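Here the UniProt record's numbering is used: the first residue of the sequence shown is 1, the next is one more, and so on. From the three backbone atoms N, C-alpha and C, an ideal C-beta is built for every residue, glycine too. From a predicted model like this one, the values you see are computed outputs, not experimental measurements.
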Amino acid sequence: MEIERKFLVTAPPKGYEARPFRMIEQAYLCTEPVVRVRREDDSFYLTYKSRGLMAREEYNLPLDERAYLHLLKKADGQVLTKKRYLLPVEGRPDLTFELDVFEGAYQGLILAEVEFASEEDAVAFTPPEWCARDVTWSGEYQNSRLAMEKG
């Protein structure tokens, strides 16, 4: 089960660019339910996600590069590309922000996600000021939705 909150970021924390990052490329074979393929640096995955906004099932299956490239050609919409920075959550050593800085069609878009162990912890979480707007429950910034829009 994946339990996460998502935030729109308009002014990211200072110095984030100096932190290590992973390059991510992903595309969607289906959006209801979500079935995506992803390249994360030199790793490849097929992911299934059930319906939901804050909490939903998620399964990742490893792929090799050949299978990934084959499935990528069958994807609907556009391929999303982003750099993912991992940032500590102040005062919460058990939590990490995934700061996604988009490239390509969504150049300039920055989203932050935090995964939680429970729905209660997720609801009680107070984000830092650099998280401009909570977009968890709107669904407007779900990657599967962004891939189907024009950017």
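In this structure, DSSP gives Leu-71 a helical state, which the three-state scheme calls helix. Annotation: Val-37 to Val-79 spans about 10 Å, alpha carbon to alpha carbon. Within the same chain, Cβ atoms closer than 7 Å to the Cβ of Tyr-68 are found at Val-37, Arg-39 and Phe-44, the five residues on either side in sequence being excluded. DSSP, read as helix, strand or coil, puts Leu-53 in coil. With a 10 Å radius around the Cβ and a threshold of 16 neighbouring Cβ atoms, Ser-144 comes out buried. Leu-87 is classed as buried because its beta carbon has at least 16 other beta carbons within 10 Å across all chains shown.
Contact between Ala-122 and Arg-5 holds: their C-beta atoms lie close to 5 Å from each other, under 8 Å.
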